[in-house]
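Below: the structure, in structure tokens.
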Ligand SMILES: [Ca+2]
Ligand SMILES: [Ca+2]
Ligand SMILES: [Ca+2]
Ligand SMILES: [Ca+2]
């Protein structure tokens, strides 16, 4: 029987009235996942907000909490600004922007970022290097970009809400969000239903009966099940849960390589207020000099050797942006840039090496990532012009078999919790199943070995009012992107180390030398040498091409007469540890004051005064 409370109603009602997850909680007592009451580590929005504000009250000299905008449901997009204010205002220093939870169900991102902020604040009193880092640079940390989506993993009924909750008509029937899933068996989770049907496209995997795999009719196999998200056909259109809550997937809504008319992409770029708020913030904070996104994209597992990839092989196609410059040259000019500028590659390679070392990541991960179309981290590099990195944060390694491949003709896995998540998976994510080896099977092995089997809810029989006898079960929502919470503390420590390293790479200009040489007859030569003591350049090569970052400007202010050299001069980009010289010839009186300002958009501002 369907619980009366959810019979024939939509998701919103069942969220309020759904039954408790007694069975699931018993099963998962030891390994706590988001949404489980015993999980202390994963926070709902009010708890996250309390933790963020608590940090600000404990470290008022370092931490400020503001909001950069509101979600569709009115939750604040909380920004932690972290820097030593005594050494300068946050906006006057080069900054690292760290954003997470672009996909609603990816709540581990929020915990990682909050944890990084806490580590930095604590480190200020304990570590000389963190203290000096916080004098030089600013951290802007946005732990929960999609708070409305995230809440769906914590209610009485929980599911993966990848996108935001802006009403959206997924199936073009002129009704928005009219048929979301229901928690029919009352276990608190929206999982899957498998319905015995010889016309179905799935059969129980003979090697692992918990799993379903797609039928290969060319081998004479016949179907066993049709697979649906758990729920009813609320609007009687013959489809089950085809149009759930919302929405727009933020990480498909940014203005670069925007996937027009694709599921989750929205009607237009930055239609999602959450994505728009991020772009507005960054455009208004030109001091942001690098970005790290905790999201379901990835570009930090790049080959760390200098070997160029030839066009077409694209071993990192699954993981992001790096394609051979040769391939870039062949790209039709009408296509958006999708390859890193050749001169920017060394920074990405170095970041990859350091990331692998500090975070302890191998070559393979069970987390598959979609094609980066309309993705934030791509926009940050290609349009905003800064080094931009993306990571899911957690890299569960497969127990066996070859690395999951991205390009496979293998069968698509069964649908997931919401229609949005499902359509996103279908259109973008690597298929859950591939020829020969099943990614789902590897996940199951991982859960069995590392989480006592938690992460998968066994199939249980249920009498469905529209479909008859079905079974309900499948992967626990959120468990394939968020680690069991016992793993979080160590992950936070590792990622904090990486963030500290990355921030230490930000470009930082300083005056290497400023000299006056008397040439006689009240004529003087003024020589200025500006050095970038960071590792990243003052302007990336791509940012020059895209005109995304202003050139570094040198201004001279004096009553003396300028005989040569400009009042305003522009410097070429300065690579890390390198310097650049500027000269003026002046006619003036001995002792006359000359003021110099060097203003670098991403690398700070320095001012000096000297007398002739
Ligand atoms: Ca609809
Ligand atoms: Ca359920
Ligand atoms: Ca419909
Ligand atoms: Ca329907």
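Residue numbers (this note's numbering): 115 to 726. Quick reminder that beta carbons are idealized off the backbone N, C-alpha and C, glycines included. As the structure is a prediction and not an experimental result, all values here were calculated from the model.
If you measure from each CB to the nearest heavy atom of ligand 2 and keep those under 7 angstroms, what residues do you get, in chain order?
297, 298, 299, 300, 301, 302, 303, 304, 305, 344 and 586
Closer than 7 angstroms from C-beta to any heavy atom of ligand 3: which residues, in chain order?
285, 287, 289, 292, 293, 349, 351, 353, 356 and 357
Skipping 5 residues on each side, what residues in its chain have a beta carbon closer than 8 angstroms to that of residue 613?
Counting from one through the chain shown, the residue named residue 613 turns up at place 499. Same-chain partners within the cutoff: 210, 212, 230, 234, 253 and 406.
Ordered along the chain, which non-local residues of its own chain (more than five positions away) have a Cβ less than 7 angstroms from that of residue 687?
As a first step, residue 687 must be located in the chain shown, where it is residue number 573. Taken in chain order, the residues that qualify are 651, 652, 653 and 658.
Tell me the rounded alpha-carbon separation between residue 316 and residue 331.
Counting from 1 along the chain shown, the entry for residue 316 is found at position 202. Counting from 1 along the chain shown, the entry for residue 331 is found at position 217. One C-alpha to the other measures close to 11 angstroms.
Count the other CB atoms within 10 Å of the CB of residue 335; is the residue buried (16 or more) or exposed (fewer)?
Here residue 335 corresponds to residue number 221 of the chain shown, with the count starting at 1. Answer is exposed; the Cβ neighbour count stays below 16.
Counting only runs of 3+ residues fully inside the stretch 282–331, write out the beta strand (DSSP E) ranges in chain order.
306–310, 316–319 and 322–328
Along the chain, where does the beta strand (DSSP E) containing residue 455 start, and where does it finish?
Along the chain shown, one-based indexing puts residue 455 at 341. Boundaries cannot be given for residue 455, as no beta strand (DSSP E) includes it and DSSP labels it neither H nor E.
Report yes if the CB atom of residue 706 is closer than 8 angstroms to the CB atom of residue 725, and no otherwise.
Counting from 1 along the chain shown, the entry for residue 706 is found at position 592. Counting from 1 along the chain shown, the entry for residue 725 is found at position 611. Yes, Cβ-Cβ distance for residue 706 and residue 725 is below 8 angstroms.
Residue 347: beta carbon under 7 angstroms from a heavy atom of ligand 1?
In the chain shown, the residue the question calls residue 347 occupies position 233. No, since every heavy atom of ligand 1 falls outside the 7 angstroms radius drawn around the Cβ of residue 347.
Nearest to residue 632 by CA position, among 402, 610, 185 and 701, is which residue?
What you label residue 632 is simply residue 518 of the chain shown in a count that begins at 1. When each option's Cα is compared against that of residue 632, the closest is 701.
DSSP-derived helix/strand/coil call for residue 559
Numbered from its first residue, the chain shown carries residue 559 at position 445. Looking at residue 559 - three-state DSSP - the assignment turns out to be helix.
Using three-state DSSP, classify residue 490 as helix, strand or coil.
The count along the chain shown starts at 1 and reaches residue 490 at position 376. Here residue 490 sits in helix by DSSP.
So for residue 168, helix, strand or coil by DSSP?
Within the chain shown, the letter at position 54 stands for residue 168. If DSSP states are grouped into helix, strand and coil, residue 168 belongs with the helices.
Of the residues 227, 190, 379 and 680, the one placed nearest residue 196, counting alpha carbons only:
Here residue 196 corresponds to residue number 82 of the chain shown, with the count starting at 1. Of the candidates 227, 190, 379 and 680, the one whose C-alpha sits nearest the C-alpha of residue 196 is 227.
State buried or exposed for residue 140, treating a residue as buried only when at least 16 other CB atoms are found within 10 Å of its CB.
Counting from 1 along the chain shown, the entry for residue 140 is found at position 26. With a pLDDT of only 42 at residue 140, under the threshold of 50, the placement of this residue in the model should not be trusted, and no figure is reported.
Helix, strand or coil for residue 279, going by three-state DSSP, please let me know.
The residue you call residue 279 lines up with position 165 of the chain shown. Taken through DSSP and simplified to helix, strand or coil, residue 279 comes out as coil.
Measure the alpha-carbon distance for residue 202 versus residue 498 and round it to whole angstroms.
Counted from its first residue, the chain shown places residue 202 at position 88. Counted from its first residue, the chain shown places residue 498 at position 384. Going from the Cα of residue 202 to the Cα of residue 498 covers about 24 angstroms.
Determine whether the beta carbon atoms of residue 219 and residue 263 lie at a separation below 8 angstroms.
The count along the chain shown starts at 1 and reaches residue 219 at position 105. The count along the chain shown starts at 1 and reaches residue 263 at position 149. Contact check for residue 219 against residue 263 passes: the beta carbons are separated by less than 8 angstroms.
Is residue 599 a contact residue of ligand 1, with contact defined as CB to any heavy atom under 7 angstroms?
The residue you call residue 599 lines up with position 485 of the chain shown. Outside the cutoff, so no.
Is residue 457 near ligand 1, with its Cβ less than 7 angstroms from a heavy atom?
By one-based count along the chain shown, residue 457 stands at place 343. It does not: the Cβ of residue 457 is nowhere closer than 7 angstroms to a heavy atom of ligand 1.
My output table needs one value for residue 468: the three-state DSSP class, helix, strand or coil.
Residue 468 sits at position 354 when you count from the first residue of the chain shown. Here residue 468 sits in helix by DSSP.
Residue 242 beta carbon near ligand 1 (any heavy atom closer than 7 angstroms)
On the chain shown, residue 242 is found 128 positions in, with the first residue counted as 1. Flag unset: Cβ of residue 242 not near ligand 1.
Give the secondary structure of residue 709 by DSSP, where H, G and I count as helix, E and B as strand, and everything else as coil.
If you number the chain shown from 1, residue 709 lands on position 595. Correct three-state label for residue 709: strand.
Rounded separation between residue 482 and residue 694 - CA only:
Your numbering for residue 482 matches position 368 in the chain shown. Your numbering for residue 694 matches position 580 in the chain shown. Rounded to the nearest angstrom, the two C-alpha atoms are 44 angstroms apart.
At the level of alpha carbons, what is the spacing between residue 708 and residue 638?
The residue given as residue 708 occupies position 594 in the chain shown. The residue given as residue 638 occupies position 524 in the chain shown. Going from the Cα of residue 708 to the Cα of residue 638 covers about 11 angstroms.
Let me check understanding here. Comparing Cα to Cα, which of 669, 690 and 674 lies closest to residue 680?
Translated into positions along the chain shown, residue 680 becomes position 566. For residue 680, the closest C-alpha among the options 669, 690 and 674 is that of 669.
Measuring CB to CB, does residue 603 end up less than 8 angstroms from residue 208?
In the chain shown, the residue the question calls residue 603 occupies position 489. In the chain shown, the residue the question calls residue 208 occupies position 94. No, the pair does not count as a contact, with Cβ atoms beyond the cut-off.
For residue 356, which of 284, 365 and 299 has the nearest alpha-carbon?
Along the chain shown, one-based indexing puts residue 356 at 242. Residue 284 is the option with its Cα nearest to residue 356.
Any beta carbon from chain B within less than 8 angstroms of residue 631's own beta carbon?
Chain labels in this structure do not include chain B; a single protein chain is all it has.
Does the beta-carbon of residue 281 have 16 or more other beta-carbons within 10 angstroms, so that it is buried, or is it exposed?
Translated into the one-based positions of the chain shown, residue 281 becomes position 167. By the 10 Å Cβ count, residue 281 comes out exposed.
Can you grab the Cα-Cα spacing for the pair residue 501 / residue 250, in whole Å?
Translated into the one-based positions of the chain shown, residue 501 becomes position 387. Translated into the one-based positions of the chain shown, residue 250 becomes position 136. Between residue 501 and residue 250, the C-alpha separation is close to 18 angstroms.
Given that a residue counts as buried once 16 or more other Cβ atoms are within 10 Å of its Cβ, and exposed if not, what is residue 388?
Within the chain shown, numbered from 1, the residue matching residue 388 stands at position 274. Flag for residue 388 reads buried.
Suppose you measure from the CA of residue 674 to the CA of residue 412; what does that come to, to the nearest Å?
Numbered from 1 along the chain shown, position 560 holds the residue referred to as residue 674. Numbered from 1 along the chain shown, position 298 holds the residue referred to as residue 412. For residue 674 and residue 412, the distance between alpha carbons rounds to 54 angstroms.
Take residue 148 and list the residues in its own chain whose beta-carbon comes closer than 6 angstroms to its own, dropping the five residues that flank it on each side.
Translated into the one-based positions of the chain shown, residue 148 becomes position 34. Taken in chain order, the residues that qualify are 156, 221, 267, 592 and 596.
What does the Cβ neighbour count give for residue 491, buried or exposed, with the cut at 16 atoms within 10 Å?
Residue 491 sits at position 377 when you count from the first residue of the chain shown. When all chains shown are included, residue 491 counts as buried.
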